[in-house]
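Residue numbers (the numbering used here), protein chains in the order written: chain A, 196 to 644; chain B, 7 to 76.
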Amino acid sequence: MPGVPDSVLIANRGEIASRIARTAHRLGVRTVAVYSEADEQMPYLAECDEAVLIGPAPPALSYLNAAAILAAAARTGAASVHPGYGFLAENAGFARQVIEAGLTWIGPPPDAIEQMGDKINARNLMARAGVPVADGSGEPVPDADAAVALAARIGYPVMVKAAAGGGGIGMSAAWNDDQLRAGFETARTRAERFFGNPAILLERYIPAARHVEVQILGLADGRVIALGERDCSTQRRHQKLAEETPSPGVGPALRERMLAAGIRAGEAVGYRGAGTVECLLDTATGEFVFLEMNTRLQVEHPVTEMVTGIDLVEQQLLIADGAEVSFDPDAVTSSGHAIELRICAEDPVRFLPSPGAITRWVAPAGDGVRVDAGYAAGTTVTPHYDSLLAKLVVHGASRAEALDRARAAVAAFEIAGPKTNLPFHADLLNSAEFSSGDYDTSVVSVLRP
Amino acid sequence: MAEIRAEMVANVWKVVATEGDSVADGDTLVILESMKMEIPVLAEGSGTLARLAVSEGDVIQEGDLIAVIE
């Protein structure tokens with residue numbers, strides 16, 4: 196009878212490795228951690244049953260090294276692989292290798308990853324499935340001249356993006372031909388360097404927008420359900436800093452339309468497991484468009500867990516094994532409000548990275564407070580990986596209560612050593628924009644001009 | 007003479023300028039990479055780039071010399 200795999204190799208590091216291990220242990224699943232030479236002291240290693248060194252610090256030699264990870268799985272007899280987010284999580288080739296090795300892949304079918312991984316293909320697929328998309332290119336834009344010609348048709352401002360991109364890398368908005376030419380060349384260089392694929396697409400840019408995404412779950416029986424939305428408009432460099440659910444900018448009628456679109460998106464690719472359909476909501480018109488789909492567990496998944504009471508990692512393990520989810524998919528309820536703050540090793544003014552040894556670490560606790568931490572006192576933040584130290588997640592009966600709890604928790608969080616963005620989060624929570632809920636993706640640049 | 011030093015531990019991703027170049031205030035000399043972020047190192051003042059102390063692929067520590075402008 197299907198249930199959950201009896202063991203899982205976690206092909207990731209830091210807070211998400213710890214978070215996956217927590218649920219695995221609760222379900223009696225044996226855990227295998229992998230680590231690079233830079234991560235020998237990381238807390239997640241002690242939280243797993245076994246830990247395997249897979250290579251030197253640079254990600255290409257360790258956390259992106261599919262052969263080393265598969266060898267670790269073979270050596271430890273792991274029955275499944277959970278990729279977390281980032282690294283190999285959206286690499287269809289890796290997913291196929293896992294499956295071909297006879298292991299269970301804790302993720303969607305490789306074909307779904309592939310179809311959504313190319314943003315141009317995803318756009319076209321969504322348009323055919325009846326999901327709204329922004330006016331833009333249905334095929335790669337070959338050069339800057341073609342980009343300028345296309346912009347003349349769709350109208351400025353436009354957004355330049357790498358088709359294979361993610362994390363905001365290579366993305367820029369352009370208001371005129373000169374900016375577009377410069378943005379196109381930058382995007383192309385970065386797309387080649389970071390993603391090994393120079394294809395570029397252009398879309399109409401929405402200047403005043405909220406970033407709202409829908410959590411979907413493709414069940415083992417083929418149904419796709421939606422577990423509400425998350426508002427991720429608080430961003431710097433097109434990367435999220437804070438998320439909340441429900442979105443203060445989404446009312447019941449709009450929510451119904453967005454969740455229905457999220458379900459259609461998942462159905463269009465035969466989705467299984469946890470995935471996220473990201474949309475941009477035009478605050479001027481109240482219309483939304485598809486942005487991209489993340490075919491994995493999202494960093495900010497805890498806010499959904501806090502309001503629904505559903506453990507998303509548990510559902511991933513169940514679905515991957517062909518089992519039913521642990522809750523009634525027809526009776527999902529949401530209660531209260533949840534906010535997540537990403538605590539990063541970055542200076543709180545310019546958001547520049549600040550690696551270094553952590554000498555003190557006191558995380559807040561209390562009613563409605565959850566901390567998913569990747570580091571602890573005595574560990575060192577190295578320059579090799581992203582700057583996320585921990586996710587501070589709070590829940591309250593109302594948004595006002597969640598805000599109060601978040602303010603208290605930020606004030607109580609003590610980290611010494613690297614600079615952190617805790618002071619920024621204090622400012623954010625006290626700002627008129629964020630407090631009122633009436634904010635958009637410009638909120639960080641308003642607070643840090 | 008102005009010395010430009012690293013603000014953090016980082017990898018040298020790209021060396022944009024060449025020793026002997028005339029540079030203006032704000033020109034990009036080198037692009038560092040740390041924690042998945044690109045950090046441009048800019049000329050602080052105008053002059054001649056007398057020394058470029060880093061090469062692509064180097065790992066530099068906070069306080070390490072990157073360039074000297076005269």
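We treat Cβ as the ideally placed atom computed from N, Cα and C, and that holds for glycine.
None of these values were measured; they are calculated from a predicted model.
Judged by DSSP secondary structure, residue 357 of chain A falls within the beta strand (DSSP E) whose first and last residues are 353-357. Contact between the segment 507-519 of chain A and the segment 196-208 of chain A is present: three or more C-beta pairs spanning the two stretches fall below 8 angstroms. Cβ atoms of residue 310 of chain A and residue 464 of chain A come within 8 angstroms of each other, at about 5 angstroms. Selection A/574, A/205, A/482 and A/475 evaluated against residue 636 of chain A yields A/475 as nearest (Cα-Cα). Residue contact check for residue 548 of chain A against chain B: a CB pair falls below 9 angstroms. In the DSSP secondary-structure assignment, residue 552 of chain A is bridged to A/575. The segment 343-419 of chain A is shown to contain whole beta strand (DSSP E) runs of 3 or more residues at 353-357, 367-369, 395-399 and 404-413, in chain order. Within chain B, the C-beta atoms nearer than 7 angstroms to that of residue 578 of chain A come from 15, 16, 17, 40 and 41, in chain order. From the beta-carbon of residue 582 of chain A, the residues of chain B found nearer than 8 angstroms are 41, 42 and 43. For the pair residue 527 of chain A and residue 381 of chain A, the Cα-to-Cα distance works out to about 44 angstroms. Boundaries for residue 596 of chain A: no beta strand (DSSP E) harbours it, while the alpha helix (DSSP H) harbouring it runs 594-607, taken from the DSSP string. Between residue 397 of chain A and residue 355 of chain A, the C-beta gap is smaller than 9 angstroms, which places the two residues in contact. Remark: C-beta atoms of residue 453 of chain A and residue 487 of chain A do not approach each other more closely than 9 angstroms. The way I'd put it, the segment 49-56 of chain B doesn't touch the segment 559-570 of chain A; fewer than three beta-carbon pairs between them come closer than 8 angstroms. In terms of beta-carbon proximity, residue 47 of chain B stays away from the interface with chain A, with every pair separated by 9 angstroms or more. With respect to the 9 angstroms criterion, residue 368 of chain A and residue 314 of chain A are not classified as neighbours on the basis of their beta carbons. Residue environment analysis places residue 370 of chain A among the exposed positions, since fewer than 16 neighbouring C-beta atoms fall within 10 angstroms of its C-beta.
Secondary-structure assignment with DSSP links residue 300 of chain A through a beta bridge to A/276. A direct Cα-Cα distance of roughly 34 angstroms separates residue 422 of chain A from residue 349 of chain A. Under the DSSP assignment, residue 477 of chain A falls outside any alpha helix (DSSP H), being part of the beta strand (DSSP E) whose first and last residues are 468-477.
DSSP places residue 17 of chain B within a strand segment (E or B) once states are collapsed to three.
Residue environment analysis places residue 428 of chain A among the buried positions, since at least 16 neighbouring C-beta atoms fall within 10 angstroms of its C-beta.
Straight-line spacing of the CA atoms in residue 484 of chain A and residue 585 of chain A works out to 31 angstroms. Positions of the alpha helix (DSSP H) runs, each at least 4 residues long and wholly inside the segment 476-530 of chain A, are given as 496-503 and 507-515 in order along the chain. At a cut-off of 9 angstroms between beta-carbon atoms, residue 65 of chain B makes contact with chain A.
Assignment of residue 258 of chain A by DSSP, reduced to helix, strand and coil, places it in the coil class. If you draw a straight line from the Cα of residue 37 of chain B to the Cα of residue 44 of chain B, it is about 6 angstroms long.
Interface criterion met: the Cβ of residue 540 of chain A is under 9 angstroms from a Cβ in chain B. With respect to chain B, the C-beta atom of residue 432 of chain A has a partner C-beta closer than 9 angstroms.
Each residue's CA atom was taken as its position, placing residue 303 of chain A and residue 508 of chain A some 13 angstroms apart. The beta-carbon distance between residue 589 of chain A and residue 533 of chain A, rounded to whole angstroms, is 7 angstroms. This is short enough to meet the 8 angstroms contact definition.
Within a 10 Å sphere around the beta-carbon of residue 9 of chain B sit fewer than 16 other beta-carbons, which makes this residue exposed. Annotation for residue 622 of chain A: 642 place their beta carbon closer than 7 angstroms to its own, counting only its chain and skipping 5 residues before and after.
By the Cβ criterion, the segment 386-396 of chain A is not in contact with the segment 274-286 of chain A, since fewer than three pairs of Cβ atoms, one from each stretch, lie closer than 8 angstroms.
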